[in-house]
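The structure appears below as structure tokens.
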Amino acid sequence: MILAIASGKGGTGKTTIALNLARACGFEIGLFDCDVEEPNAHLFLPGQVTEETVVTIPIPQVDEALCDGCGECGRMCEYHAIVSFGATPLVFPEMCHGCGGCMRVCPQGAIREVPHRIGVVTIRNSGHIRLVQGNLDFGAVMAPPLIR
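Numbering (this note's numbering), first residue to last: 11 to 158.
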């Protein structure tokens, strides 16, 4: 069985309800705190972190020696995370969604992808509850890859 406690509004008691339902279950249960911008379920569950995974998204890195400044990468990017004004493109990692489109359209093969950290997923065990939660790094804006 999968049960989701969700709401778009903060302060409605989602964490309280989810934690109490998890505690009331007498069997092994997974509790996922998907509020990656401000997770707080761990504050109410004792236990040590047993696993930690750094989450990254691929960000373009331009090889200046290969780039001819054609601008195809910038024209392709819907999020304006890479821009070119006839010279080596500027990359704005905070705006990049990691789709890899810029790399695919580059006729010179001047773009490669490098990992860019956006957060961390931790797992802790507290009795019969296995808590999995993501925590978005300060300044990072791409929450969906961390929730997946």
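By construction, the Cβ of each residue, glycine as well, lies at the ideal position given by its N, Cα and C atoms. Only a predicted model underlies this, so the values are computations on that prediction, with no experimental measurement involved.
Per DSSP, the bridge partner or partners of residue i
i	result
Glu88	According to DSSP, Glu88 bridges with nothing at all.
Glu123	Pro70
Ile12	Answer is none; Ile12 lacks a bridge partner.
Asp45	Answer is none; Asp45 lacks a bridge partner.
Ala39	Contrary to the premise, residue 39 reads as Ile rather than Ala in this sequence. Ile39 is bridged to Ile139.
Thr132	Glu62, Gln143
Val93	Leu100
Bounding residues of the beta strand (DSSP E) (the contiguous stretch that carries residue i)
i	result
Pro68	59-72
Val142	139-146
Gly111	That residue, Gly111, is in no beta strand (DSSP E); its alpha helix (DSSP H) goes 111-115.
Buried versus exposed call for residue i [16 or more other C-beta atoms within 10 Å across all chains shown]
i	result
Asn145	buried
Gly111	buried
Ile92	buried
Residues near residue i in its chain [Cβ-Cβ closer than 6 Å; skip 5 each side]
i	result
Ile133	Thr60, Glu61, Val142
Glu47	Leu146
Thr63	Val131
Length of the line joining the Cα atoms of residue i and residue j
i	j	result
Asp43	Glu104	24 Å
Phe54	Ser17	20 Å
Gly57	Ile15	23 Å
Thr98	Met11	52 Å
Cys95	Leu13	Note that residue 95 is Phe in the sequence shown here, rather than Cys. Approximately 50 Å between the Cα atoms of the pair.
Cys109	Asp78	22 Å
Thr22	His52	18 Å
Ile27	Phe37	17 Å
Own chain residues within Cβ distance below 8 Å of residue i, not counting five before or after
i	result
Gln71	Val101, Ile121, Arg122, Glu123, Val124
Tyr89	Met105, Cys106, His107
Val65	Arg127, Ile128, Gly129, Val130, Val131, Gly144, Pro155, Leu156
For residue i, the first and last residue of its enclosing alpha helix (DSSP H)
i	result
Leu76	From DSSP, Leu76 is part of no alpha helix (DSSP H); its letter is neither H nor E.
Thr98	Per DSSP, Thr98 belongs to no alpha helix (DSSP H) and is neither H nor E.
Leu156	154-157
Thr25	24-34
Close beta carbons around residue i, own chain, < 7 Å, minus the five adjacent residues each side
i	result
Ala32	Ile39, Leu41, Ile139
Met152	Ile67, His107, Ile128
Ser136	Leu55, Pro56, Gly57
Glu82	Val115, Cys116, Pro117
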